[in-house]
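K.L.:
For any residue, its number in my numbering is found by taking its place in the sequence shown, counting from 1, and adding 345.
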Amino acid sequence: MSQIVPGCRRPLVPALGFAVFLSVLLTGCSGQTTARTGDPAAGASSPEAPAAPAANPPAAGETLPAAAPLPEPPDGNWLVDDQGRQYFVDKVPKEDGGYMWLDPEKTRVQVRYGAVYDVVGQDGGEFFMVKIYRPGTEERPGPVEVTPEQLKEVAESYRNTTGKADRLQLEPFGRGLPERGQWRNGFEIADMNGDGHPDIVHGPARKGNRRPQVFLGDGKGNWRLWSELRFPPLPYDYGDVAVADFNGDGRLDIGLAVHLHGLIALVADGPTSFKEWGKGLDFHTSASPPTDQPIFSSRAVEAADMNKDGRPDLIALGEGPRLAQATTPGEQAMRGVPGGYGMAVYFNQGDGTWLRRSEAAKDNVRLHGDKVVVGDFTRDGNLDTVLGSNVLGSKGILRIGSADGSWNPAMLDGLRSGFVGAADLADFNGDGRLDLAVGYLSHELEVWRTGIDLFLGRADGGWDRRAVAVEDGRSWLTALDSGDLDGDGKLDLVALTGEGQTWVLLGKGDGSFDREETPEIPLPAVGGGCRGYDVKIADLDGEPGGEIVMTFAGEPSALFAPNLCVDEGRILAWKARRKP
Numbered sequence: 346m347s348q349i350v351p352g353c354r355r356p357l358v359p360a361l362g363f364a365v366f367l368s369v370l371l372t373g374c375s376g377q378t379t380a381r382t383g384d385p386a387a388g389a390s391s392p393e394a395p396a397a398p399a400a401n402p403p404a405a406g407e408t409l410p411a412a413a414p415l416p417e418p419p420d421g422n423w424l425v426d427d428q429g430r431q432y433f434v435d436k437v438p439k440e441d442g443g444y445m446w447l448d449p450e451k452t453r454v455q456v457r458y459g460a461v462y463d464v465v466g467q468d469g470g471e472f473f474m475v476k477i478y479r480p481g482t483e484e485r486p487g488p489v490e491v492t493p494e495q496l497k498e499v500a501e502s503y504r505n506t507t508g509k510a511d512r513l514q515l516e517p518f519g520r521g522l523p524e525r526g527q528w529r530n531g532f533e534i535a536d537m538n539g540d541g542h543p544d545i546v547h548g549p550a551r552k553g554n555r556r557p558q559v560f561l562g563d564g565k566g567n568w569r570l571w572s573e574l575r576f577p578p579l580p581y582d583y584g585d586v587a588v589a590d591f592n593g594d595g596r597l598d599i600g601l602a603v604h605l606h607g608l609i610a611l612v613a614d615g616p617t618s619f620k621e622w623g624k625g626l627d628f629h630t631s632a633s634p635p636t637d638q639p640i641f642s643s644r645a646v647e648a649a650d651m652n653k654d655g656r657p658d659l660i661a662l663g664e665g666p667r668l669a670q671a672t673t674p675g676e677q678a679m680r681g682v683p684g685g686y687g688m689a690v691y692f693n694q695g696d697g698t699w700l701r702r703s704e705a706a707k708d709n710v711r712l713h714g715d716k717v718v719v720g721d722f723t724r725d726g727n728l729d730t731v732l733g734s735n736v737l738g739s740k741g742i743l744r745i746g747s748a749d750g751s752w753n754p755a756m757l758d759g760l761r762s763g764f765v766g767a768a769d770l771a772d773f774n775g776d777g778r779l780d781l782a783v784g785y786l787s788h789e790l791e792v793w794r795t796g797i798d799l800f801l802g803r804a805d806g807g808w809d810r811r812a813v814a815v816e817d818g819r820s821w822l823t824a825l826d827s828g829d830l831d832g833d834g835k836l837d838l839v840a841l842t843g844e845g846q847t848w849v850l851l852g853k854g855d856g857s858f859d860r861e862e863t864p865e866i867p868l869p870a871v872g873g874g875c876r877g878y879d880v881k882i883a884d885l886d887g888e889p890g891g892e893i894v895m896t897f898a899g900e901p902s903a904l905f906a907p908n909l910c911v912d913e914g915r916i917l918a919w920k921a922r923r924k925p
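1) Going by Cα to Cα distance, which pick from L757, N908, G720 and L728 is closest to L734?
2) Would you kindly work out how many angstroms separate the C-alpha atoms of P754 and F518, rounded to a whole number?
3) Run through DSSP, which three-state label would E892 get?
4) Take R923 as the anchor and find which of S827, L728, L513 and L799 has the nearest alpha-carbon.
5) What number of angstroms, rounded off, separates the C-alpha of E844 from the C-alpha of C875?
6) In the DSSP assignment, what residue or residues form a beta bridge with F927?
7) Name the residue from V911, V499, G834 and R479 whose alpha carbon lies nearest to the alpha carbon of D817.
8) Looking only at its own chain, which residues have a Cβ that is under 8 angstroms from the Cβ of L626, when we skip the five neighbours before and after it?
9) Terminal residues of the continuous alpha helix (DSSP H) containing L496?
10) Excluding the 5 residues preceding and the 5 following R555 in the sequence, name in chain order all residues of the same chain whose CB lies nearer than 6 angstroms to its CB.
11) For R453, does the count of other Cβ atoms within 10 angstroms reach 16, so buried, or fall short, so exposed?
12) Can you tell me the Cα-Cα spacing of E417 and V911, whole angstroms?
13) Is it right to say E533 is buried, meaning 16 or more other beta carbons lie within 10 angstroms of its own, or is it exposed?
14) Got a sec? Which residues, its chain only, sit under 8 angstroms from D729 by beta carbon, not counting five neighbours each side?
15) Quick one: using the 10 Å Cβ neighbour count with 16 as the cut-off for buried, is D805 buried or exposed?
16) Taking the beta carbon of E501 as the centre, do at least 16 other beta carbons fall within 10 Å, making it buried, or is it exposed?
17) With the cut-off set at 7 angstroms, would you say E450 and R819 are in Cβ contact?
18) For A814, is the classification buried or exposed, using 16 other Cβ atoms within 10 angstroms of its Cβ as the cut-off for buried?
19) Quick one: is V491 buried, meaning 16 or more other Cβ sit within 10 Å of its Cβ, or exposed?
20) Have a look at R421 and Q431 and give me their C-alpha separation to the nearest angstrom.
21) Return helix, strand or coil for L838, following the three-state DSSP convention.
22) How big is the Cα-Cα spacing for K740 and L770?
23) Under the three-state reduction of DSSP, which class applies to A602: helix, strand or coil?
24) Kindly give me the distance between the Cβ atoms of E664 and H713, rounded to whole angstroms, as I take these residues to be in contact under 8 angstroms.
25) Spell out a yes or no on whether the stretch 826–835 and the stretch 882–895 are touching, meaning 3 or more CB-CB pairs, one atom from each, closer than 8 angstroms.
26) Shortest alpha-carbon distance to L822 belongs to which of E789, G566 and V880?
27) Could I get the ranges of all uninterrupted beta strand (DSSP E) runs contained in the stretch 775–845, with 3 residues as the minimum, in chain order?
28) When the distance is taken between beta carbons, is A768 closer than 7 angstroms to V731?
29) Going straight from the alpha carbon of G600 to that of R644, what length do you get?
30) Give the C-beta separation of G593 and K920 to the nearest angstrom, bearing in mind that I take them to be a contact with Cβ-Cβ under 8 angstroms.
31) Would you identify the three-state DSSP class for V911, choosing helix, strand or coil?
32) With distances taken Cα to Cα, identify the nearest neighbour of S827 among W808, A812, R811 and V849.
33) What separation, rounded to the nearest whole angstrom, lies between the Cα atoms of F433 and K476?
34) Could you tell me whether the Cβ atoms of H542 and G521 are closer together than 7 angstroms?
35) On the DSSP bridge assignment, give the partners of R876 in chain order.
36) For a test of the three-state rule: what should DSSP assign to H547, helix, strand or coil?
See below:
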């Protein structure tokens, strides 16, 4: 899309970053029209590309203002996506009522003056983080010729034997939990005050009270915010949570993956207080010295003993491209820099210090996402890892662990081309081996699908893919967990989508499922639901069967989508009872 600025003979370049965009408006017009298309994928470092074409010469007798400079990455390094388009990441202001999402998964946005961008993230609530394409590389490849036979073959791979069921009655079990607020990205369930009842541990809600939140449960479906808790004054923000006893004193501690900042470790130093215990963790504040070096930050973290020394470590996945502060006068205040890619493990030294091992710097890994799952799926006594992926088509989501805590990347054979928004490791068919459930948004032969695949672990270490549930469209499977909902001893699945739908699948014990009707759970609003960010199945009341806790987040646009996620999110809990 392009737009003509009054008084200009050449089209405005919508792919420019905001600073260059303003320069165009003030000085005249640029010399190139740019088409805007794309998917939310970050690529590897780019090879050299030919120089951008020269601007059109002025007409006879015409004097034009100096053209704005063509966009260039501040560090000189271009990234490249899966379609071969070169880009860097910049920011564009997010005006209330001044933008419109162009796709359901919110990867393309149109802002004032008609400029359209591919969005890779958001900097708080003030800016979009967008791809700025290198002129001449931004066009999509031409349409792919697809035959009916090819479409049929791919569609067959999604066929499944999942049946239908109506065996459960779901009852509200979340009295006192927040009915508003952007509750993202993840939470944990643990007994934080030692009263024998599980509690909900969450990071700060986006745009909310910037401190960790613990909701105390009484085992009867009643919850209250533990407002007496005291935390050290730190720049907390939304992200994921891990709970473990980091210092071995018998009390549960909290690890936080903080959007744009990094990692925080907090240990309990009293009945209602925590202190910082994170020397050696990546953590950056507004007062941190500016840098052009990659900065690791995360929205996905787990706690597990990766090197078998008896102490829980922190495992984090990079959240992708981020913005960095300017380092020289006259430079843009913020700009895109590489960072937040791949997996990092922070080894707990037991004294408040952590030793970091990362793969991104040495292996040029560009994987990033919002999910980390840990388990020994190779059955060698060492913990392995499964990572979510916000990179289109990336299959390298496995990390095979070693006794010293190191790991080797591996491909998941059979993983569909698309994005991995959720994952869970459990033994779904009772053979003693861990299986992998994957929630995906796939893109094959120009068709988008949302669904769940089960990868059954084989004795030889491989996987057999089994389709479990699928729907056409791009709502995206964004949260997934397993547990025994109905008390029959077989593992069930609960999943959430990016449009706020809830999927409940009751396991048969052999790796197959029936999809449960859930009329008790309200459907997303007509104007659009809030994205499901996390779900857990846990025994909250000590009775047979499990309960469900789920979190949602989003926000409406006053001008373009006033009914989208109007409450901006909430935390819900449900108790499952078997029908007579």
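The beta-carbon is built from N, C-alpha and C at its ideal position, and this holds for glycine as well.
P.N.:
Considering the structure as presented:
1) This sequence places Ser at residue 734; Leu is not what is there. Considering only alpha carbons, the answer is L757.
2) 41 angstroms
3) strand
4) L513
5) Using only the alpha carbons, I get a separation of about 6 angstroms.
6) An answer regarding residue 927 cannot be provided, because it is not within the stretch 346 to 925 covered by the chain.
7) V499
8) G607, L608, I609, A610, L659, Y691, W699 and R701
9) From DSSP, the alpha helix (DSSP H) with L496 extends over P493 to S502.
10) P549 and Y581
11) buried
12) 39 angstroms
13) With 16 or more Cβ atoms within 10 Å of its Cβ, E533 is classed as buried.
14) Excluding residues within five positions, the ones whose Cβ falls inside 8 angstroms are V719, G720, D721, F722, T723, L743, R744, I745, G746 and W752.
15) exposed
16) exposed
17) The Cβ atoms of E450 and R819 lie closer than 7 angstroms to each other.
18) The residue in question, A814, is buried, as its Cβ has 16 or more Cβ neighbours within 10 Å.
19) exposed
20) The question names Arg, but residue 421 in the sequence shown is Gly. Near 12 angstroms, if we compare the C-alpha coordinates of Q431 and G421.
21) strand
22) Each residue's Cα considered, the two are about 17 angstroms apart.
23) strand
24) 6 angstroms
25) yes
26) The shortest C-alpha separation from L822 is found at V880.
27) 780–789, 792–802, 808–817, 822–828 and 837–842
28) yes
29) 11 angstroms
30) Between K920 and G593 the Cβ distance is about 35 angstroms, and since that is not below 8 angstroms, they are no contact.
31) coil
32) V849
33) 6 angstroms
34) no
35) Partner(s): A898.
36) strand
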